[in-house]
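Colleague:
There are 2 protein chains.
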Amino acid sequence: MGDWDALYATRTKNMRASEIRELLKLLDQPDIISFAGGIPDPALFPKDAIKAAYDAVLTKNADAALQYSVSEGYRPLREWLVQHMAGLGVACSIDNIIITTGSQQALDYLGKLFISPGDTVLTTWPTYLGALQAFNAYEPRYDRLNPEQGNMTPAAYREAAEAAGGEVQMAYLTADFSNPTGETVSHDGRIRLIELAHELDIPLIEDAAYQALRFDGEPTASMLALDCERSGDINNTRVIYSGSFSKTLTPGLRVGWICAAQPVVAKLVLIKQAADLHSPTINQMAIHHVAERDFTKQVEKVRGSYRQRRDYMLDALARFMPAGVTWTKPEGGMFVWVTLPEGMDGAALLAQALKTVRVAFVPGAAFHADGSGKNTIRLNYSLPNKEAIETGISRLGKLIADEMA
Amino acid sequence: MGDWDALYATRTKNMRASEIRELLKLLDQPDIISFAGGIPDPALFPKDAIKAAYDAVLTKNADAALQYSVSEGYRPLREWLVQHMAGLGVACSIDNIIITTGSQQALDYLGKLFISPGDTVLTTWPTYLGALQAFNAYEPRYDRLNPEQGNMTPAAYREAAEAAGGEVQMAYLTADFSNPTGETVSHDGRIRLIELAHELDIPLIEDAAYQALRFDGEPTASMLALDCERSGDINNTRVIYSGSFSKTLTPGLRVGWICAAQPVVAKLVLIKQAADLHSPTINQMAIHHVAERDFTKQVEKVRGSYRQRRDYMLDALARFMPAGVTWTKPEGGMFVWVTLPEGMDGAALLAQALKTVRVAFVPGAAFHADGSGKNTIRLNYSLPNKEAIETGISRLGKLIADEMA
Numbered sequence: 092m093g094d095w096d097a098l099y100a101t102r103t104k105n106m107r108a109s110e111i112r113e114l115l116k117l118l119d120q121p122d123i124i125s126f127a128g129g130i131p132d133p134a135l136f137p138k139d140a141i142k143a144a145y146d147a148v149l150t151k152n153a154d155a156a157l158q159y160s161v162s163e164g165y166r167p168l169r170e171w172l173v174q175h176m177a178g179l180g181v182a183c184s185i186d187n188i189i190i191t192t193g194s195q196q197a198l199d200y201l202g203k204l205f206i207s208p209g210d211t212v213l214t215t216w217p218t219y220l221g222a223l224q225a226f227n228a229y230e231p232r233y234d235r236l237n238p239e240q241g242n243m244t245p246a247a248y249r250e251a252a253e254a255a256g257g258e259v260q261m262a263y264l265t266a267d268f269s270n271p272t273g274e275t276v277s278h279d280g281r282i283r284l285i286e287l288a289h290e291l292d293i294p295l296i297e298d299a300a301y302q303a304l305r306f307d308g309e310p311t312a313s314m315l316a317l318d319c320e321r322s323g324d325i326n327n328t329r330v331i332y333s334g335s336f337s338k339t340l341t342p343g344l345r346v347g348w349i350c351a352a353q354p355v356v357a358k359l360v361l362i363k364q365a366a367d368l369h370s371p372t373i374n375q376m377a378i379h380h381v382a383e384r385d386f387t388k389q390v391e392k393v394r395g396s397y398r399q400r401r402d403y404m405l406d407a408l409a410r411f412m413p414a415g416v417t418w419t420k421p422e423g424g425m426f427v428w429v430t431l432p433e434g435m436d437g438a439a440l441l442a443q444a445l446k447t448v449r450v451a452f453v454p455g456a457a458f459h460a461d462g463s464g465k466n467t468i469r470l471n472y473s474l475p476n477k478e479a480i481e482t483g484i485s486r487l488g489k490l491i492a493d494e495m496a
Numbered sequence: 092m093g094d095w096d097a098l099y100a101t102r103t104k105n106m107r108a109s110e111i112r113e114l115l116k117l118l119d120q121p122d123i124i125s126f127a128g129g130i131p132d133p134a135l136f137p138k139d140a141i142k143a144a145y146d147a148v149l150t151k152n153a154d155a156a157l158q159y160s161v162s163e164g165y166r167p168l169r170e171w172l173v174q175h176m177a178g179l180g181v182a183c184s185i186d187n188i189i190i191t192t193g194s195q196q197a198l199d200y201l202g203k204l205f206i207s208p209g210d211t212v213l214t215t216w217p218t219y220l221g222a223l224q225a226f227n228a229y230e231p232r233y234d235r236l237n238p239e240q241g242n243m244t245p246a247a248y249r250e251a252a253e254a255a256g257g258e259v260q261m262a263y264l265t266a267d268f269s270n271p272t273g274e275t276v277s278h279d280g281r282i283r284l285i286e287l288a289h290e291l292d293i294p295l296i297e298d299a300a301y302q303a304l305r306f307d308g309e310p311t312a313s314m315l316a317l318d319c320e321r322s323g324d325i326n327n328t329r330v331i332y333s334g335s336f337s338k339t340l341t342p343g344l345r346v347g348w349i350c351a352a353q354p355v356v357a358k359l360v361l362i363k364q365a366a367d368l369h370s371p372t373i374n375q376m377a378i379h380h381v382a383e384r385d386f387t388k389q390v391e392k393v394r395g396s397y398r399q400r401r402d403y404m405l406d407a408l409a410r411f412m413p414a415g416v417t418w419t420k421p422e423g424g425m426f427v428w429v430t431l432p433e434g435m436d437g438a439a440l441l442a443q444a445l446k447t448v449r450v451a452f453v454p455g456a457a458f459h460a461d462g463s464g465k466n467t468i469r470l471n472y473s474l475p476n477k478e479a480i481e482t483g484i485s486r487l488g489k490l491i492a493d494e495m496a
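Residue numbers (our numbering), protein chains in the order written: chain A, 92 to 496; chain B, 92 to 496.
(1) What's the C-alpha gap between T101 of chain A and T482 of chain B?
(2) Specify, as a first and last residue, the run of the beta strand (DSSP E) that S322 of chain B falls within.
(3) Work out the CA separation of K465 of chain B and M404 of chain B for me, nearest whole Å.
(4) Between B:L359, B:R449, B:N327 and B:A382, which lies nearest to N105 of chain A when the distance is taken from Cα to Cα?
(5) Can you tell me the Cα-Cα spacing of Q120 of chain A and W171 of chain B, whole angstroms?
(6) My output table needs one value for M412 of chain B: the three-state DSSP class, helix, strand or coil.
(7) Could you give the DSSP three-state label for A48 of chain A: helix, strand or coil?
(8) Using 8 Å as the threshold, is the segment 446–465 of chain B in touch with the segment 336–344 of chain B, meaning 3 or more CB pairs across them?
(9) Out of A:G241, A:K446 and A:G221, which has the shortest C-alpha to C-alpha gap to D298 of chain A?
(10) Measure the alpha-carbon distance for Q497 of chain B versus E253 of chain A and round it to whole angstroms.
(11) Put L445 of chain B into one of helix, strand or coil per three-state DSSP.
(12) At the level of alpha carbons, what is the spacing between L223 of chain B and Q302 of chain B?
(13) For E239 of chain B, which of B:R283, B:A262, B:P217 and B:D267 has the nearest alpha-carbon?
(14) So with CB distances below 8 Å, who are the chain B contacts of N509 of chain A?
(15) Quick one: which chain B residues come within Cβ less than 8 Å of I141 of chain A?
(16) Under 7 Å between beta-carbons, which chain B residues line up against T339 of chain A? List them in chain order, please.
(17) Kindly indicate which three-state DSSP category F226 of chain B falls into: helix, strand or coil?
(18) What do you get for N471 of chain A, buried or exposed, if any count of 16 or more other CB atoms within 10 angstroms of its CB means buried?
(19) If we ignore side chains and look at the alpha-carbon of each, how far apart do D146 of chain A and D146 of chain B end up?
(20) What residue from B:A366, B:L474 and B:G241 has the CA that sits closest to D279 of chain B's CA?
(21) Going along chain B, which residues have a C-beta under 8 Å from T101 of chain A?
(22) Applying the criterion that 16 or more other CB atoms from any shown protein chain within 10 Å of the CB defines a buried residue, is Q364 of chain A buried or exposed?
(23) Give a yes or no on whether 8 Å exceeds the smallest Cβ distance from I193 of chain B to chain A.
(24) Taking DSSP as the reference, what is the three-state secondary structure of T214 of chain A?
(25) Please list the partners that Y145 of chain B has in chain A, where partner means a Cβ-to-Cβ separation under 7 Å.
(26) Pairing CB atoms from the segment 172–180 of chain A with CB atoms from the segment 135–154 of chain B, are three or more of them under 8 Å?
(27) Once DSSP output is grouped into helix, strand and coil, what is the label at F205 of chain B?
(28) When you compare the CB positions of F268 of chain A and R398 of chain A, do they come within less than 8 Å of one another, or not?
(29) Check each candidate in B:D154, B:Y159, B:A351 and B:P371 and name the one with the smallest Cα separation from G129 of chain A.
(30) Looking at the C-beta of I130 of chain B, does it have a partner C-beta in chain A at a distance below 8 Å?
(31) Taking DSSP as the reference, what is the three-state secondary structure of S335 of chain A?
(32) Is there at least one Cβ from chain A nearer than 8 Å to W95 of chain B's Cβ?
(33) Using a Cβ-Cβ cutoff of less than 7 Å, which residues in the same chain neighbour M92 of chain A once the five nearest sequence positions on both sides are dropped?
(34) Under 8 Å: do the segment 381–401 of chain B and the segment 225–236 of chain B share three or more Cβ pairs, one atom per stretch?
(35) What residue range does the beta strand (DSSP E) around A262 of chain A cover?
(36) Within 8 Å, do at least three Cβ pairs link the segment 365–377 of chain B to the segment 183–194 of chain A?
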């Protein structure tokens, strides 16, 4: 029997299970304190509201809920999202909105739409690991966005891309409470990114997965809202907004959306039709039912809970981390990003931490398109409770101090 | 403002809304009798069972139903499918099964896994339109399978593929009650296809969407079962089985599966992780709940209903079609394939039929990778009732006779 490996297309030949996936298997062990996940606290899911939603949908609207439907998504949900986007300063119509099976699918489709092999994608170092995984299927190279310290010039990005045999095709980042750093791009940084996208004439993907989870500080306008203001009309913008209900309502229904200029949405509808016909209608109806009634209340509940845990984690880091270790102070989201002393390796520390102090986290190199960031780690605080945070960070601080000694 | 068209990757630049999609918009008009759809009758959906399933899942298992989960799918559903596949003569384990968001997604992921631009995909003329749409995103050329009248030799397929600048990378067909023809490939035809796949060392995708819907005649073994027998073990086979609950239970939950050699499933898990993380867990749990209790009963119900409508349609065709028109006699599935007299154009006939007799169907050329088949049309009988079938076919027969006169 021949080898399957020989039969795969180039783009998929080198796909391997990520170390992080292997790592997550360890977390079933109950004595491990885990800051490794990136998942919401299920205690916050609006279970009763979701149960009532499915009951209502299957009582009143079963035929449509269970039948094939259109690729662009359930119209009342898209109408609700038009209002939701208006609240973020984005004037749009339902033709600017397509529903996706979670925002991960949005990244896959956008990669499919814009990236040819050898093209360049601009992103921050570090960036969302899942975005790199989604885009990698289309074989891009990456170059670095640095919205606060200074991006390269459009000409420099172009030259580097051409030298690598492709074109600069898109830019991607999470501007609010990013995964993995928890950091937020400033208003001026956003304006610089939007100008860069227009100068390069490329789409700028705004991953807004955590945007609603602001605990404190002043809200910064969405990049799509800023581009609408600059460009006069959403159909003249270059920002593609990728939204998600996963961090506010629940990830299990897999409902996200894209809001962008109409030609992009029309093309994504064709891609989706060919790729999975449509996201499950019943889930879109259920999400609409819950969002319409409870979105604001639910977001407040999640914010309140994560704000408290963010505080527990920042307190614990301040108490237990040795000098020479630094970390971000997120105003929202689910993560703190820790920089270890130069020369310390996050992956080696993880191996050690699992063995000796039974604490898990994600080494930072995985989030870097160029494999740098070895002395960084990502800590999640949305799932562990106060006691786990204090005990885990105390153990981790001691381990790091020992390693430094 | 620049033009978005210039920004798309090669593979998506030429995507256009299909004429069929435009056509389907017309069907909202209530006075049209439609044989154009390919959708199940919602009256047959097991609504009470599905409602009970969501209620049970959200009562007993809400945390897991609403949380992120693994890309390979909900384990109890995969275990149920191991038993289901055993019933089809396929001995496998859960490592041979991945859940997909409907079988359309399976086709997209298989295209992503196996096709590089310029490669050759073998399929029947005609074939499932959605498969052509899914594969087209990966820029293949197509060559023709002809399992009954005679495939080309492996060397001839190879030479043609190489002359076109690629390799023969996979074969795809619906062997049972195909969309669009309703025809089934014989046992000998299946054996020839399996031998061809092994000789060419390529995967042979068995689209089994309609396989459970046999009304009469002797069942023919699944190609995967035949390859297991030939190759001794599923992990030595080249057949990739794509299954779906859409035609038996409901399409709205978007649950399908792939059953194949373990290395292929492992690779598809990585693709799925990067492309949408996982199919909605809550829907997988609900489908499992219903399948476990009602699958056999539900399949019997659907078969009985569609058998009757198939009979109504074949009777009506015999009564109302003029000499010179021929059609298939499907033993299952949802479609009859009509061949019009040479020189008559299905697309022109549709335009005429919509205008004068208010009857809709799908012109056959869309299902041909080479655009041939202009004098064919697809008729669906799973949705219209007896009266609609008789009235619609009577009107259509008269129109065709008039056109021939």
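For each residue, glycine too, the CB sits at the ideal point set by N, CA and C.
For clarity, every value in this text was computed on a predicted model and none was experimentally measured.
Modeller: Based on what the coordinates show:
(1) 53 Å
(2) Unbroken run through S322 of chain B is the alpha helix (DSSP H), M314 to S322; no beta strand (DSSP E).
(3) 22 Å
(4) B:L359
(5) 27 Å
(6) coil
(7) The structure shown does not extend to residue 48 of chain A, since chain A spans only 92 to 496, so no value can be given for it.
(8) no
(9) A:G221
(10) Lying outside 92 to 496, the shown extent of chain B, residue 497 of chain B is not represented and no answer is given.
(11) helix
(12) 20 Å
(13) B:R283
(14) Missing from the structure shown is residue 509 of chain A; chain A here goes from 92 to 496 and no further.
(15) L149, A153 and L157
(16) Under the 7 Å cutoff, chain B gives no residues; its nearest Cβ is about 12 Å from T339 of chain A.
(17) helix
(18) buried
(19) 7 Å
(20) B:G241
(21) S207
(22) buried
(23) For clarity, residue 193 of chain B is Gly in the given sequence; the question names Ile instead. It does; some Cβ of chain A falls within 8 Å.
(24) strand
(25) Y145 and L149
(26) no
(27) helix
(28) no
(29) B:Y159
(30) yes
(31) strand
(32) yes
(33) Because the pLDDT of M92 of chain A is 47, which lies under 50, any placement of that residue in the model is unreliable, and the number read from its coordinates should be weighed accordingly. Cβ within range, chain order: n/a, list empty.
(34) no
(35) V259 to L264
(36) yes
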